[in-house]
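*Asks:* Residue numbers (the numbering used here), protein chains in the order written: chain A, 24 to 231; chain B, -10 to 208.
A virtual CB, placed ideally from N, CA and C, is assigned to each residue, including glycine.
Small disclaimer: the values here were computed from a predicted structure and weren't measured.
Before I ask anything, here is the structure I am working with.
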């Protein structure tokens, strides 16, 4: 097989053009063989562009904040609790929720590939898949968090969960103060994708 | 295997660079790469562990300079050729020259929602009782297989504590190589940061992995 190991020497645009041609050739031959339905590819892409994303995870968190019974279910059996909201499926088959507390902050990584809970967060961001995060999250989590603009209190412990098996982790951030009057939808609006991975916390926007 | 994928604790990759308002896809080819990988997985010819092993087997210099989706495409090409769906020449040229192997299933557009919603559960009944329980002190195996494993290098030969028994799951080290699913109990094992990184480790750091039973022995 012709190898593109010389990709390294192409500039950025040529590199992407090279991959575009390579992927197009692959799709073309597989379609010709009747192995691939291009419309199935479109459906997959549309699903992750418009239907499955971190809003799912934010809703899980909001419900856990608003409903203590659900929060306990989530702690005891996250797969079932999350499934009860309709968020099931690929890369979310076996879920665990890990709760931040004043004593412990949780951070999720996959050092070996980029395992990520697609069903509640959608597709992983580039930084999550990149060597810098995968290498340093387990060894230098405070340094990594500072690169996200997050400085934790000195005495707060950090628990790093390396996703080495088929269990997927969802961080449940602490509920910020002064949010008692908010609805679940409004609470979900506060929860960023990064907070669900552990590279951010949830803050209430300053009143203007 | 001690491949380029096993990145935990490696130095030299610089700062994490989160992109503001990162798009879900950076290029059209990435969309096709995602769809192709999932569509071909639906053939039923290989399992997720074999596909991960195909990615980690990419030569280090190539792996470390490639983007995620490029890694996926390179691995996919290997799998397609290995399982007889396309020849190297066909993959290169995009021109079909022979029918190739028939798949068990072809993913059509109307099947996508159901297939994604079902996913691929990996839990299986175990044939033995779990050996360890919460609170047990265990030592991880110090081994360096050239075959697939999900025990990262940084976590080999370490003493940790079982936090929980998570259920029994397909054993990837065997499954990747066609040696059977051979389900084993999986345990969350927690290591103090100092156990893994030495006295200079960040205070208050703990790291956990999910480890199959055969990775562990009583400490």
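(1) Pick from 194/A, 156/A, 104/A: whose alpha carbon is nearest that of residue 92/A?
(2) Residue 85/A touches chain B at which residues, Cβ-Cβ below 7 Å?
(3) Using a Cβ cut-off of 8 Å (strictly closer), state whether residue 215/A contacts chain C.
(4) Cα separation between residue 28/A and residue 51/B?
(5) Starting from residue 217/A, trace the alpha helix (DSSP H) both ways and give me its first and last residue.
(6) Beta-carbon within less than 7 Å of residue 35/A's beta-carbon, same chain only, minus the 5 sequence neighbours each way: which residues are those?
(7) Have a look at 180/B, 35/B, 98/B, 132/B and flag the residue whose alpha-carbon is nearest the alpha-carbon of residue 124/B.
(8) Name the chain A residues that come within less than 7 Å of residue 158/B, Cβ to Cβ?
(9) According to DSSP, is residue 46/A part of a helix, a strand, or is it coil?
(10) Assign residue 102/A to buried or exposed, taking buried as 16 or more other Cβ atoms, counted over all protein chains shown, within 10 Å of its Cβ.
(11) Take every Cβ of the stretch 78 to 86 of chain B, pair it with every Cβ of the stretch 99 to 113 of chain B, and state whether three or more of those distances are shorter than 8 Å.
(12) May I ask you to report which of helix, strand or coil DSSP gives residue 44/B?
(13) Measure the alpha-carbon distance for residue 89/B versus residue 214/A and round it to whole angstroms.
(14) Using beta carbons (cut-off 8 Å, strictly below), is residue 27/B in contact with chain A?
(15) Closer than 8 Å, Cβ to any Cβ of chain B: which residues of the stretch 95 to 114 of chain A, in chain order?
(16) Using the beta-carbon count (16 or more within 10 Å), is residue 172/A buried or exposed?
(17) Per DSSP, which one or two residues make a beta bridge with residue 192/A?
(18) My guess is that residue 62/B and residue 198/A are in contact by the Cβ rule of under 8 Å, so how many angstroms apart are they, rounded?
(19) Could you tell me whether the Cβ of residue 6/B comes closer than 8 Å to any Cβ of chain A?
*Replies:* On the basis of the coordinates in this document:
(1) Walking along the first chain from the start, residue 92/A turns up at place 69. Here the closest residue by C-alpha is 104/A.
(2) Position 62 of the first chain, counted from the first residue, corresponds to residue 85/A. Under the 7 Å cutoff, chain B gives no residues; its nearest Cβ is about 22 Å from residue 85/A.
(3) The chain inventory of the structure shown lacks chain C, comprising the protein chains A and B.
(4) The residue given as residue 28/A occupies position 5 in the first chain. The residue given as residue 51/B occupies position 62 in the second chain. Residue placement at residue 28/A is poorly supported in this model, since its pLDDT is 45, which falls under 50; the coordinates still yield a value, given next. Looking at the two C-alpha atoms, the distance is approximately 6 Å.
(5) Looking up residue 217/A in the first chain gives position 194. For residue 217/A, the uninterrupted alpha helix (DSSP H) run begins and ends at 216 to 220, by DSSP.
(6) For this step, residue 35/A is matched to residue 12 along the first chain. With a pLDDT of only 49 at residue 35/A, under 50, the local geometry of the prediction cannot be trusted, and the value read off the model is given with reservation. Taking residue 35/A as the centre and dropping the five residues before and after it, the same chain places no C-beta closer than 7 Å to its C-beta.
(7) On the second chain, residue 124/B is found 135 positions in, with the first residue counted as 1. Of the candidates 180/B, 35/B, 98/B, 132/B, the one whose C-alpha sits nearest the C-alpha of residue 124/B is 180/B.
(8) Taking the second chain and counting its residues from 1, the one referred to as residue 158/B is at position 169. Ordered by position in chain A, the residues that pass the 7 Å Cβ test against residue 158/B are 188, 189.
(9) Along the first chain, read from residue 1 onward, the residue named residue 46/A stands at position 23. Helix at residue 46/A.
(10) Residue 102/A sits at position 79 when you count from the first residue of the first chain. When all chains shown are included, residue 102/A counts as buried.
(11) The stretch 78 to 86 of chain B is not in contact with the stretch 99 to 113 of chain B.
(12) For this step, residue 44/B is matched to residue 55 along the second chain. Three-state DSSP puts residue 44/B in a helix.
(13) For this step, residue 89/B is matched to residue 100 along the second chain. For this step, residue 214/A is matched to residue 191 along the first chain. Their Cα atoms are separated by approximately 48 Å.
(14) Working through the second chain from its first residue, we reach residue 27/B at position 38. With respect to chain A, the C-beta atom of residue 27/B has a partner C-beta closer than 8 Å.
(15) 111, 112, 113, 114
(16) The residue labelled residue 172/A in the question sits at position 149 within the first chain. Exposed, because fewer than 16 other Cβ atoms sit within 10 Å of the Cβ of residue 172/A.
(17) The residue labelled residue 192/A in the question sits at position 169 within the first chain. Paired residue(s): 119/A.
(18) Residue numbering aside, residue 62/B sits at position 73 when the second chain is read from its first letter. Residue numbering aside, residue 198/A sits at position 175 when the first chain is read from its first letter. Contact between residue 62/B and residue 198/A fails: their C-beta atoms lie close to 42 Å from each other, not under 8 Å.
(19) For the purposes of this step, residue 6/B is taken as the residue at position 17 of the second chain. So yes, residue 6/B belongs to the interface.
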